[in-house]
Amino acid sequence: MASLMETLIEVLEKENLEYKNLLELSIKKTSVIVSDDVKALAQITDEEQFIVSRINHLDNQRNEAVNDIANVLNKDVTKLKIAELISMLAARPQEQAKLASVFDELRRNVRAVKQINEQNRELIESALEMVQFNMQIIQSMNKAPETANYNRGACSTGDVIGTVNKAFDAKQ
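Numbering (my numbering), first residue to last: 155 to 326.
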């Protein structure tokens, strides 16, 4: 049982370290989003994907450790929570304190990552709304009312108010 707890604590420490790395990247991502640096954003996203894959691997290891502990304790694995394991370790205060410390720090880091990611999502949505607004302005320029200018044949010239034809003429 002691080795299973050590394994669980070890996995939680590694997972916590990965969440710290993810938190640092998320904070860096905020400034990149604000500065509108798409290349740096793509690089950070790639790094995040790499960290998330390591977190998923560690999460599987954590689930295996909890399953093993549940089997030893003859408990239902779906109902066994780490907080319950912490309270069960009252006879081993060192392991209890270490597990509680790692678990609390992991929860704080997960909450911080979630909060920063929510903030980044809102920033990205705002940037997308601005791009959409600009696209609507550009599209509305093509739909502006035509002038009442006529040529010699009494036909409308079809000039649009407020636009200048700046087309590139490759024949020149």
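Just so it is clear, CB atoms sit at the ideal spot from N, CA and C, and this is done for glycine as well.
Counting only the Cα atoms, E202 lies some 25 angstroms from V285. Put simply, of I292, E218, D200 and V226 the residue whose alpha carbon is nearest the alpha carbon of A156 is V226. For the segment 224-252, the full-length alpha helix (DSSP H) segments reaching 4 residues or more read 236-242 along the chain. At the C-beta level, E169 and L212 come within 8 angstroms of one another. Linking Q269 to K235 through their CA atoms gives a straight-line distance of about 24 angstroms. The continuous alpha helix (DSSP H) containing N170 extends over residues A156 to S189. At the C-beta level, A281 and I187 come within 8 angstroms of one another.
When DSSP states are grouped into helix, strand and coil, R306 belongs to the coil group. Cβ contact annotation for T184 (same chain, cutoff 6 angstroms, sequence separation greater than five): N274, in chain order.
Burial check for F257: the Cβ neighbour count within 10 Å reaches 16 or more, so the residue is buried. Around the Cβ of E218, a 10 Å sphere holds fewer than 16 other Cβ atoms; the residue is exposed. A Cβ-Cβ contact shorter than 8 angstroms links N175 with I205. When the five nearest sequence neighbours on each side are left out, the beta carbons in the same chain lying within less than 8 angstroms of the beta carbon of D190 are those of A281, in order along the chain.
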